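Per the numbering used here, residue 384 is the first one in the sequence shown, and the count goes up by one each step. Take a look at the structure below.
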Amino acid sequence: MYATNMKQIACRDLGMDCNFVVTGETIEEIMQKGMEHGKEVHAMTDEDFTPEMAEKMKAVVKDV
């Protein structure tokens, strides 16, 4: 059995003053969870999640 490299994004890595960290198996999974968090906690809207924001999020993904 192979170990799966988990992926992680932290709000702080995106310049937010927030301790939220999301971990998942795929970039898509953590980006979805990160977007949900952004909407619920940071009052972000769908319009805030531009292609540029997606690239910024992908750039700070870490393998954990």
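Virtual Cβ for every residue (Gly too), placed ideally from N, Cα, C. Computed from a predicted structure; not experimentally measured.
| Item | Value |
| --- | --- |
| Excluding the five sequence neighbours on either side, which residues of its own chain have a C-beta within less than 8 Å of the C-beta of Leu-397, listed in chain order? | Lys-439, Met-440 and Val-443 |
| Would you grab the beta carbon distance between Asp-446 and Asn-388 for me? Rounded to a whole angstrom, and I think it's under 8 Å. | 5 Å |
| Mapping DSSP to helix, strand and coil, what is Ala-393? | strand |
| Mind pulling the alpha helix (DSSP H) runs of 4 or more residues that sit fully within the region 421-446? | 434-442 |
| Closest by CA to Gly-407, which one among Lys-416, Cys-401, Asp-400 and Met-399? | Lys-416 |
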